[in-house]
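If you read the sequence shown in this note's numbering, its first letter stands for residue 112, the second for the next number, and so on.
In this text, a Cβ means the ideal position worked out from N, Cα and C, and glycines have one as well.
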Amino acid sequence: MNVFLIYDITHDQTRTKVADLCLDYGLDRIQYSAFEGKLKRTHQEELMLKIKKLLGKKQGDVRLIQICHDDWEKQLLIKNLAPAESKVVIEET
C-alpha cells in the first residue's frame, strides 16, 4: 500500500531516530519531515509502534496516511530540480 508519513517532533534526537527508522523501512524522504513509499499494513503498524516507543512522552505528531493505488496514480507532482539542471518538471504520475 502506498503511504505518506509526516511528522512534527520537537526533540531533535528523537526526530533524527524517527527519520532513520523511516529510511530503514524503505521509505523515501520527500521533505525534512515527510516520507513516501510502499508498506504492507503489518509493516505500517510495526513502524508506528516503534515510533511510538521512540517518542515516549516527548511532544510530537506522527501521521501515516495510506493512499489507494488509483489516487496515488492521480497525484500531481512538481519538482524544481537542482540549479545546474534549471528546469521545473510537472508530472502526473
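Beta-carbon proximity of residue i to residue j, cut-off 9 Å
i, j, result
"Leu158", "Leu132", "yes"
"Tyr136", "Gly171", "no"
Cβ-based neighbour list, residue i, same chain, cut-off 6 Å, excluding 5 preceding and 5 following
i, result
"Lys169", "His122 and Thr125"
"Asp181", "none"
Close beta carbons around residue i, own chain, < 8 Å, minus the five adjacent residues each side
i, result
"Leu138", "Val114, Leu116, Phe146, Glu147, Gly148 and Leu150"
"Gln241", "Nothing can be reported for residue 241, as the shown portion of the chain is limited to 112 through 204."
"Arg140", "Ala130, Cys133, Leu134 and Phe146"
Presumed contact (8 Å Cβ cut-off) between residue i and residue j, rounded CB distance
i, j, result
"Leu175", "Val129", "The pair is not a contact, with the Cβ atoms about 11 Å apart (cut-off 8 Å)."
"Val173", "Ile189", "Not a contact, Cβ separation roughly 25 Å."
Nonlocal neighbours in the same chain, by C-beta distance under 7 Å from residue i, ignoring five residues either side
i, result
"Arg152", "Met112"
"Ser144", "Ile117, Tyr118 and Asp119"
Local conformation of residue i per DSSP, three classes
i, result
"Ala193", "coil"
"Gln155", "helix"
"Leu160", "helix"
"Lys128", "helix"
"Leu166", "helix"
"Leu188", "strand"
Beta carbon proximity, residue i to chain B, threshold 9 Å
i, result
"Lys190", "The structure shown has no chain B; it contains just one protein chain."
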